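Take the sequence shown: its letters are residues 1 to 246, numbered as in UniProt numbering.
Structure record follows, encoded as structure tokens.
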Amino acid sequence: MCRHLAYLGPPVTLASLVLDPDHSLYEQSWSPHDMRGGGTVNADGFGLGWYVDGRPVRYRRNVPIWTDENLPGLAGSIRSGAILAAVRDGTVGMPYGEAVVAPFQTGDWLFSHNGRVPGWPESTLKLAETLPVADLLRLEAPVDSQLLWALIANRLKDVPAAEAVASVVQDVEAVAPGSRLNVLLTDGEQIVATSLTHSLWVQHTADSTTVASERFGAGDWDEVPDRSLLVATATTLRITPMEGPQ
Numbered sequence: 001m002c003r004h005l006a007y008l009g010p011p012v013t014l015a016s017l018v019l020d021p022d023h024s025l026y027e028q029s030w031s032p033h034d035m036r037g038g039g040t041v042n043a044d045g046f047g048l049g050w051y052v053d054g055r056p057v058r059y060r061r062n063v064p065i066w067t068d069e070n071l072p073g074l075a076g077s078i079r080s081g082a083i084l085a086a087v088r089d090g091t092v093g094m095p096y097g098e099a100v101v102a103p104f105q106t107g108d109w110l111f112s113h114n115g116r117v118p119g120w121p122e123s124t125l126k127l128a129e130t131l132p133v134a135d136l137l138r139l140e141a142p143v144d145s146q147l148l149w150a151l152i153a154n155r156l157k158d159v160p161a162a163e164a165v166a167s168v169v170q171d172v173e174a175v176a177p178g179s180r181l182n183v184l185l186t187d188g189e190q191i192v193a194t195s196l197t198h199s200l201w202v203q204h205t206a207d208s209t210t211v212a213s214e215r216f217g218a219g220d221w222d223e224v225p226d227r228s229l230l231v232a233t234a235t236t237l238r239i240t241p242m243e244g245p246q
């Protein structure tokens, strides 16, 4: 599976979220606390995404985060008010490489998936058939997370982000029962997240929101209930129950 986080608020360095805090995402790569049977370490790559003048920038590697000697300098010098980051634990049978490391990007959107889809790829064939052929041909890699993102990105053309995410999660769970579907999505202005099986926490202050697989650093955190949809900006937070498959 993986560990991931998203942040909206006053500009901060990437290091202040990913490297420096107690039990940071960096530490969670080798010592996660709550994987819920989804693996033991997150050493199959990492990715950082941040926004500059409203446009996303990514840095992705297919190596353990602790092996990148350039990361401390990079993360300490870049500041942003919108950040999404992830460390990956690849599912058995899935390919490896930078193409399968979150965050994924389409336009101004960044996306991460923590979980797995049982029966991949056969279980999702009917959903894949609903996508334009061009969207399927543009997939960076044949993995469940990439298809999830393609489905969500396609629906973002017609409906708000929260509706797009919730409907895809519902549809995937219907065709692949037992799916683990914790997703994070941001356009630099809002965060949309789901909790389905895996842990999810939120820290909300007067001027910032941080959503993460596991608590880190100081401050008060609240656990997001299982099967929830979270929608947030830097100053607002809404968590609602998510309907099951129809």
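Backbone N, C-alpha and C define an ideal beta-carbon position, used for all residues, glycine too.
As the structure is a prediction and not an experimental result, all values here were calculated from the model.
> In chain order, what residues of the same chain lie with their CB nearer than 7 angstroms to the CB of P32, ignoring the 5 residues before and after it?
Replying inline: R3, N42 and E214
> With a Cβ-Cβ cutoff of 8 angstroms, do S172 and V143 count as a contact?
Replying inline: Here residue 172 is Val; the residue named in the question, Ser, does not match the sequence. Cβ atoms of V172 and V143: not closer than 8 angstroms.
> Grouping DSSP H, G and I as helix and E and B as strand, with all else coil, what is S29?
Replying inline: coil
> From the DSSP output, which residues share a beta bridge with Q203?
Replying inline: T210
> Which residue from E243, L229, E223 and P245 puts its Cα closest to that of D34?
Replying inline: For the residues E243, L229, E223 and P245, the minimum Cα distance to D34 belongs to E223.
>> Assuming I239 is part of the beta strand (DSSP E), what are its boundary residues?
In response: L237 to P241
> Beta-carbon separation of L14 and W66 under 8 angstroms?
Replying inline: In terms of Cβ geometry, L14 and W66 do not form a close pair [threshold 8 angstroms].
>> Check for me: the beta strand (DSSP E) holding A86 runs from which residue to which?
In response: Where A86 is concerned, the enclosing beta strand (DSSP E) stretches over R79 to R88.
>> Could you compute how far the alpha carbon of L147 sits from the alpha carbon of Q28?
In response: Here the alpha carbons of Q28 and L147 stand approximately 26 angstroms from one another.
> Quick one: is P103 buried, meaning 16 or more other Cβ sit within 10 Å of its Cβ, or exposed?
Replying inline: buried
> When the Cα atoms are used, what is the spatial distance from G45 to A206?
Replying inline: 33 angstroms
>> If we require 3 or more residues per run, which beta strand (DSSP E) segments fall completely within the stretch 88-136?
In response: For the stretch 88-136, whole beta strand (DSSP E) runs of length 3 or above, ordered along the chain, are 104-106 and 109-116.
> Are there 16 or more other CB atoms within 10 angstroms of the CB of S77, so buried, or fewer, so exposed?
Replying inline: By the 10 Å Cβ count, S77 comes out exposed.
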